[in-house]
Amino acid sequence: MKAVSHDALAAQKPLRFLPPMIELSTDVGGFSYWWGMTEFAFDIRDRLRHTRPPSTYETPRSFPPMPVGTFEANELARLKRYVKKAEDLAVSTIMSASDEVTINIGDGGTTEEVTTKSSPVDATTGFATMFRQFYANDKGSSFNAVQGILMRQAKTLGGEDADERIEELRRWGKAIGKSRSQSVEKSVLLKLIECDEMPPLPEHELAQYPDQETPEKLSSTYFYGDHIHWSSKEGQAEVLAEGGESPFERLSADAMARLSAEDRIRFRPDPSWFFGHAVRNTTIRMLADADPWTAENLDAQTAETAASLARVPLPNREWLGPVSDPWLLSWEEIDPLLMCGLAALADQSDGDDMLVADADLRNVVETAASSEHELLRRPATPLAERLAL
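Per my numbering, residue 5 is the first one in the sequence shown, and the count goes up by one each step.
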């Protein structure tokens, strides 16, 4: 009998394509091991469903190229820097490190000896600093920023390759987003269970194994709270084990404490109330700051925001927003701007004459009224009835 871990079981599957930049690594086996799990967990396929025959799209390296002159100078500089820093990560000692924990049990189980082999602290700190440039969504050199540039240009270029480019960018964006919300090992475990290659675990075990916290929070706490910016998150490692409040929960608790019993019943400043106001005010500020106020610029900002949202992990806590759309998961399938526009038009009849006079707008309303998505049907159905469509 031979026992292997669930992640090793996934890593043993044949690779669909070689890991990018494997030629730069000093540990090809380790590179392949983690890439094998990544391929399996996130289903990064090599073929697309649109205009190209399957056999012509074999690896991400055959991504339909964009014509020379597509990118502005500052965009091209950012893309080139991203590739260069990716190469720096590939050759770093941490990417090929062999950290080990060895446990020797002797004397019939009465003695135990534990030895560890860890990477140098300076190497770990250097890696954390480089990795943060890719990982932090507020950085201009991050995956978030680079994907936003590529997505904007893919949509602008159009043509027969447009669908392939957009789908592939979305595929990788979803993979990145999922990797921020749960570890690769957890994704592999769930996929093995889904494929009946491993028996299911009890729900109470699956809830916290192997992740006690999301990679997003762990990275923030242990990289930025120790290796890079010690003072900003110092002491939060202990909080991870105990759980913690969201900012909206803290605001709500503070507001409740200041109100009388009567006012708490009348106003109910619960976390959802603060969350709603934060979203509303942030949206108003972003729209007010849009410059220039053109359809092209608004489309570009929308594409960048949507790409960013796709990579934000789902927090391991209760949803505080609209009960009908937890964590805004509908945004993966529904255009939120369309949803908002239909709601506004359904609420106000001042623009009915313009809607009736425009065949394209009438078609949008009719299509939404018969959509499979309840969030579109809800505002579109009464609007269609009012317009007698």
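Even for Gly, the Cβ is constructed at its ideal location relative to N, Cα and C.
All values reported here derive from a predicted model rather than from experimental measurement.
- Item | Minimum C-alpha distance to phenylalanine 135 - residue among Met260, Gly152, Thr42, Val87 | Val87
- Message: Output needed for leucine 302: all residues of its chain with C-beta closer than 8 Å, excluding positions within five of it in sequence on either side, in chain order.
- Response: The answer, listed in chain order, is Ala294.
- Between which two residues does the beta strand (DSSP E) containing valine 188 stretch? Looking at the DSSP string, valine 188 is not in any beta strand (DSSP E); the run it does join, the alpha helix (DSSP H), is 188–198.
- Query: Going by alpha carbons, who is nearest to arginine 390 out of Ala179, Arg366, Trp38?
  - Reply: The option with the nearest alpha carbon to arginine 390 is Arg366.
- Task: Would you kindly work out how many angstroms separate the C-alpha atoms of asparagine 108 and valine 118, rounded to a whole number?
- Result: 6 Å
- Through-space distance from leucine 263 to leucine 205, alpha-carbon basis: 46 Å
- Taking the runs of the alpha helix (DSSP H) that are 4 residues or longer, which of them lie wholly in the segment 69–131? 77–94
- Query: CA-CA distance, glutamate 337 and methionine 290?
  - Reply: Glutamate 337 and methionine 290: Cα-Cα distance of roughly 23 Å.
- Out of curiosity, what's the CA-to-CA distance linking alanine 282 and arginine 382? 24 Å
- Find out if the Cβ-Cβ distance for the pair phenylalanine 147, isoleucine 180 is shorter than 8 Å. yes
- Selection from Tyr139, Trp277, Ser123 that minimises the alpha carbon distance to glycine 177: Tyr139
- Kindly give me the distance between the Cβ atoms of alanine 45 and valine 188, rounded to whole angstroms, as I take these residues to be in contact under 8 Å. 5 Å
- Residues in its own chain within less than 7 Å of leucine 154 by CB, not counting five upstream and five downstream? Leu173
- Message: Given a cut-off of 8 Å on the beta-carbon distance, is the pair leucine 379 and valine 369 in contact?
- Response: no
- Report buried or exposed for threonine 133, applying the criterion of at least 16 other Cβ atoms within 10 angstroms of its Cβ. exposed
- Item | Short Cβ contact (8 Å threshold) for alanine 347 with glycine 152 | no
- DSSP-derived helix/strand/coil call for threonine 263: Note that residue 263 is leucine in the sequence shown, not threonine. In the structure shown, leucine 263 sits in coil (DSSP, three-state: anything other than H, G, I, E or B).
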